[in-house]
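Asks: Residue numbers (the working numbering): 126 to 483.
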Amino acid sequence: MHNRWARYAVYAAGWSFLGLVLSLEVYFNFRAGMGGQVDNDFVDLAIPQFGRAVMWAAMAPLILRLRTGLPLTRGRWVGGVSFHLMMSVVVMAVFYVGRHVGYAVFFRGFDHFWGRLVPDFYGRNMIDIGYYWLVLGFGYGMEIYQRYKTEELKAARLETRLMETELKTLREQLHPHFLFNTLNTISVLVRDGRSAEATNLIARLSSLLRATLDAARTPEVPLRQELEFLLGYLEIQKARFSDRLTVHVNVAAPALEVRVPNLLLQPIVENAILHGIGPKSGPGRVEIRGEVRGETLHLEVADDGPGLAEDGARPKEGIGLSNTRERLARIYGDAGRLALRSLAGRGVTVEIDLPCAR
């Protein structure tokens with residue numbers, strides 16, 4: 126209700142402003158034509174112009190209705206243009222007669238009304254034809270803008286659905302083998318009589334799964350929140366690998382507030398544990414680094430595993446790593462990058478670059 130009255134107020138204010146502009150135009154034209162002296166009072170000059178604005182305020186909705194009834198569309202240009210040309214002349218004539226009626230009522234009476242009607246016609250009345258086409262053009266402009274906003278909204282909704290589907294796919298990839306490994310670890314702890322550790326691991330797993338389900342509602346999160354989720358995941362992995370897994374996080378403070386795709390780092394870290402720590406018989410280390418470089422967030426996930434072979438060959442990328450590469454390309458285009466670098470026997474580092482967004 127309030128919005129409707131606000132629109133009415135804006136509409137009235139717009140046409141009132143037009144009435145003021147027309148009044149000032151007539152006033153200064155009179156001054157220029159009379160050497161700076163104006164016999165008429167400004168109010169006397171303004172009344173007809175504000176009347177003109179009121180008439181246009183009443184006529185504009187009708188013109189917009191005519192636009193929708195006979196639009197200027199492909200295949201109907203000739204008929205549409207002819208119709209609107211005719212209507213613009215009709216509107217100009219209605220306004221001309223209406224102004225003369227106004228003058229007769231307020232100023233000079235109806236004596237010789239019809240005798241004055243034709244001789245008093247002058248070129249300035251042709252402006253009303255231009256106003257007709259301006260209103261018509263405004264209507265088409267608003268229609269084009271509305272179509273653009275509608276398409277933009279559809280695209281945004283489609284993008285949101287795609288991101289939700291991606292997150293669902295990531296969760297489905299995370300759950301099966303991760304749950305199997307974690308439950309197997311819990312089983313071993315229970316069998317060994319380490320019930321306190323098993324209970325603690327169950328609680329951590331519950332918290333992690335709850336956070337994973339909540340991730341569907343937020344396609345992007347601050348890096349700080351992403352790291353909190355990741356550390357929960359790594360605590361469970363530490364229980365599985367025991368003393369064989371050490372994790373070090375080194376992320377600069379400004380980077381923590383940069384927004385990143387949800388569940389971005391988990392597949393990368395999982396890949397580092399699987400290919401870097403898993404094959405080692407001794408202890409291994411995973412390091413997560415992050416910093417802001419200009420307008421880019423730079424992230425690294427490094428392991429100290431066997432690395433790539435001397436010929437540069439490496440095991441086939443897992444689904445998680447390849448999906449992450451595709452996600453970055455889809456969201457950021459060329460501005461999103463994922464690359465691997467390694468030296469034989471010195472581990473693998475996955476580098477991620479993406480635009481900063483806070």
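Idealized CB from N, CA, C, for every residue including glycine.
If distances are taken between C-alpha atoms only, which option among Ala482, Ser467, Ala397 comes closest to His423?
Replies: Here residue 423 refers to the residue found at position 298 when the sequence shown is read from its first residue. Comparing Cα-Cα distances from His423 to each of Ala482, Ser467, Ala397, the minimum goes to Ala482.
Asks: Val372 and Leu359 - do their beta-carbons sit closer together than 8 Å?
Replies: What you label residue 359 is simply residue 234 of the sequence shown in a count that begins at 1. What you label residue 372 is simply residue 247 of the sequence shown in a count that begins at 1. Yes, Cβ-Cβ distance for Leu359 and Val372 is below 8 Å.
Asks: In whole angstroms, what separates the C-alpha of Gly264 from that of Leu210?
Replies: By one-based count along the sequence shown, residue 264 stands at place 139. By one-based count along the sequence shown, residue 210 stands at place 85. Spanning the two alpha carbons is a distance of roughly 16 Å.
Asks: At a cut-off of 7 Å, is Val219 close to the ligand SAM when judged by its beta-carbon and the heavy atoms of the ligand?
Replies: The ligand content of the structure shown is nil, which means the ligand SAM is not present either.
Asks: Tell me which same chain residues have a C-beta within less than 7 Å of the C-beta of Val374, skipping the five on either side of it?
Replies: Here residue 374 corresponds to residue number 249 of the sequence shown, with the count starting at 1. Leu352, Ile413, listed in sequence order.
Asks: Is Arg384 buried or exposed, if buried means 16 or more other CB atoms sit within 10 Å of its CB?
Replies: The sequence position of residue 384 within the sequence shown is 259, counting from 1. Its Cβ being crowded by 16 or more others within 10 Å, Arg384 is buried.
Asks: Cα-Cα, which of Tyr136, Arg129, Leu333 is closest to Leu388?
Replies: Here residue 388 refers to the residue found at position 263 when the sequence shown is read from its first residue. It is Leu333 whose Cα lies nearest to the Cα of Leu388.
Asks: State the Cα-Cα distance for the pair Arg466 and Gly401, rounded to the nearest angstrom.
Replies: Sequence index remark: in the sequence shown, residue 466 carries index 341 (1-based). Sequence index remark: in the sequence shown, residue 401 carries index 276 (1-based). If you take the alpha carbons of Arg466 and Gly401, they lie about 13 Å apart.
Asks: From the DSSP output, which residues share a beta bridge with His373?
Replies: As a working mapping, residue 373 is identified with position 248 in the sequence shown. Paired residue(s): Glu412.
Asks: Indicate the three-state DSSP secondary structure (helix, strand or coil) for Leu352 in the structure shown.
Replies: The residue given as residue 352 occupies position 227 in the sequence shown. Of the three classes helix, strand and coil, the one that applies to Leu352 here is helix, per DSSP.
Asks: Nearest CA to the CA of Gly255: which residue from Leu145, Asp368, Arg282, Val216?
Replies: Here the question's residue 255 lines up with position 130 in the sequence shown. Nearest C-alpha to Gly255: Val216.
Asks: Roughly how many angstroms separate the alpha carbons of Leu259 and Lys274, rounded to a whole number?
Replies: Residue mapping note: residue 259 aligns to position 134 of the sequence shown, counting from 1. Residue mapping note: residue 274 aligns to position 149 of the sequence shown, counting from 1. Each residue's alpha carbon lies about 22 Å from the other.
Asks: Between Pro379 and Val426, is the Cβ-Cβ spacing less than 8 Å?
Replies: Here residue 379 refers to the residue found at position 254 when the sequence shown is read from its first residue. Here residue 426 refers to the residue found at position 301 when the sequence shown is read from its first residue. No, they are not a contact pair.
Asks: DSSP three-state call for Leu516: helix, strand or coil?
Replies: Here the chain has residues from 126 to 483 only, and residue 516 is not among them.
Asks: Mapping the DSSP letters down to three states, classify Val346 as helix, strand or coil.
Replies: In the sequence shown, the residue the question calls residue 346 occupies position 221. Val346 falls in the strand class under three-state DSSP.
Asks: Compare the beta carbon distance of Lys363 and Leu355 with 8 Å and say whether it is the shorter of the two.
Replies: Position 238 of the sequence shown, counted from the start, is the residue given in the question as residue 363. Position 230 of the sequence shown, counted from the start, is the residue given in the question as residue 355. Result no, Cβ atoms of Lys363 and Leu355 do not sit closer than 8 Å.
Asks: Do Ala321 and Ile311 have their C-beta atoms within less than 8 Å of each other?
Replies: Mapped onto the sequence shown, residue 321 falls at position 196. Mapped onto the sequence shown, residue 311 falls at position 186. It is not a contact, given that the beta carbons lie outside the stated cut-off.
Asks: Evaluate Ala185 with the Cβ neighbour count: other Cβ atoms within 10 Å of its Cβ, from every protein chain shown; 16 or more gives buried, anything less gives exposed.
Replies: Taking the sequence shown and counting its residues from 1, the one referred to as residue 185 is at position 60. Buried: at least 16 other Cβ atoms inside 10 Å.
Asks: At the level of alpha carbons, what is the spacing between Ile398 and Val411?
Replies: Along the sequence shown, read from residue 1 onward, the residue named residue 398 stands at position 273. Along the sequence shown, read from residue 1 onward, the residue named residue 411 stands at position 286. Between Ile398 and Val411, the C-alpha separation is close to 8 Å.
Asks: Span of the beta strand (DSSP E) holding Ala427?
Replies: Residue 427 sits at position 302 when you count from the first residue of the sequence shown. Per DSSP, Ala427 belongs to the beta strand (DSSP E) from 421-428.
Asks: Mind checking which residues open and close the beta strand (DSSP E) that includes Glu476?
Replies: One-based indexing of the sequence shown puts residue 476 at position 351. Start and end: 473-480.
Asks: If I'm right that Pro386 touches Asn448 with Cβ under 8 Å, what's the distance once you round it to whole angstroms?
Replies: Along the sequence shown, one-based indexing puts residue 386 at 261. Along the sequence shown, one-based indexing puts residue 448 at 323. Their Cβ separation, rounded to whole angstroms, is 11 Å, which puts Pro386 and Asn448 out of contact at 8 Å.
Asks: Looking at the unbroken beta strand (DSSP E) that takes in Ala464, where does it start and where does it end?
Replies: Stepping through the sequence shown from its first residue, residue 464 is reached at position 339. Ala464 -> beta strand (DSSP E) spans 462-467.
Asks: Just the Cα atoms here: how many angstroms apart are Ala464 and Gly266?
Replies: Residue 464 sits at position 339 when you count from the first residue of the sequence shown. Residue 266 sits at position 141 when you count from the first residue of the sequence shown. Their Cα atoms are separated by approximately 46 Å.
Asks: Look at the Cβ atom of Ser213, then the Cβ atom of Ala178, and state whether they are nearer than 8 Å.
Replies: By 1-based counting over the sequence shown, the position of residue 213 is 88. By 1-based counting over the sequence shown, the position of residue 178 is 53. No, the Cβ-Cβ distance between Ser213 and Ala178 is not below 8 Å.
Asks: Taking its Cβ as the centre, do 16 or more other Cβ atoms sit within 10 Å of Asp428, making it buried, or is it exposed?
Replies: Within the sequence shown, residue 428 is the residue found at index 303, counting from 1. Buried is the call here.
Asks: Closest to Ala281 by C-alpha separation, out of Gly262, Asp253, Pro344, would be which residue?
Replies: Translated into positions along the sequence shown, residue 281 becomes position 156. That would be Pro344, whose Cα lies nearest to the Cα of Ala281.
Asks: Going by DSSP, name the residue or residues bridged to Val385.
Replies: For the purposes of this step, residue 385 is identified with residue 260 of the sequence shown, where counting begins at 1. The partner list for Val385 (beta bridge, DSSP) reads Val346.
Asks: What residues are listed by DSSP as bridge partners for Val260?
Replies: On the sequence shown, position 135 is the one that residue 260 refers to. According to DSSP, Val260 bridges with nothing at all.
Asks: So, is Gln271 buried or exposed, given that buried needs 16 or more other C-beta atoms within 10 angstroms?
Replies: Taking the first residue of the sequence shown as 1, we reach residue 271 at position 146. Under this definition Gln271 is an exposed residue.
Asks: Figure out for me which residue from Gly430, Leu390, Glu420 has the closest Cα to the Cα of Gly407.
Replies: Taking the first residue of the sequence shown as 1, we reach residue 407 at position 282. Gly407 has its Cα closest to that of Gly430, out of Gly430, Leu390, Glu420.
Asks: According to DSSP, what are the bridge partners of Val151?
Replies: Within the sequence shown, residue 151 is the residue found at index 26, counting from 1. Beta-bridge pairing links Val151 to no other residue.
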